[in-house]
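Everything below concerns the one structure shown next.
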Amino acid sequence: MPIQAPKGTRDILPEEVNQWNYVEQVFSDVCRKFGYSEIRIPVFEHTELFQRGVGDTTDIVQKEMYTFPDKAGRSITLRPEGTAGVVRSFIE
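Written out as structure tokens, the structure is:
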């Protein structure tokens with residue numbers, strides 16, 4: 040069986056990128072008119088951030104996150120969603 044994109048997702052290929060860029064720009068302009076600004080947070084965070092947010096014994100932390108040690112041995116996790124990272128960014 041060939042590997043395919045996960046169900047409910049699809050690739051945005053070159054012939055569609057301009058259309059998506061336009062939609063994203065319109066959305067961004069509307070958000071800006073209402074006083075919102077874009078932020079971009081890292082794809083990974085220290086695992087402790089998620090443990091504090093949802094508890095270290097929950098299924099989310101134990102089963103649904105990809106966690107690995109960095110070069111210094113600290114626990115790093117690919118972010119499963121953006122809320123904790125946005126809050127961390129705001130606090131910093």
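Residue numbers (this note's numbering): 40 to 131. For each residue, glycine too, the CB sits at the ideal point set by N, CA and C.
Under the three-state DSSP convention, the category residue i falls into
i, result
"residue 52", "coil"
"residue 87", "helix"
Start-to-end residues for the alpha helix (DSSP H) that takes in residue i
i, result
"residue 78", "Unbroken run through residue 78: none, as it is neither H nor E."
"residue 130", "122-130"
Rounded Cβ spacing between residue i and residue j (contact assumed at less than 8 Å)
i, j, result
"residue 44", "residue 89", "About 26 Å; that fails the 8 Å criterion."
Selection from the options that minimises the alpha carbon distance to residue i
i, options, result
"residue 108", "120, 75, 87 and 54", "87"
"residue 125", "74, 41, 79 and 72", "79"
"residue 105", "91, 111 and 120", "120"
"residue 127", "91, 46 and 68", "91"
"residue 132", "103, 111 and 76", "Residue 132 is absent from the model: the chain starts at 40 and stops at 131."
Near the ligand ATP: residue i beta-carbon under 8 Å from a heavy atom
i, result
"residue 68", "For the ligand ATP, the structure offers nothing, since it holds no ligand at all."
Element boundaries [beta strand (DSSP E), containing residue i]
i, result
"residue 153", "Any question about residue 153 goes unanswered here, given that the chain covers just 40 to 131."
"residue 42", "Per DSSP, residue 42 belongs to no beta strand (DSSP E) and is neither H nor E."
Q) Can at least three beta-carbon pairs, one atom from the region 81-89 and one from the region 111-128, be found at a separation below 8 Å? A) With the cut-off at 8 Å, the region 81-89 and the region 111-128 touch.
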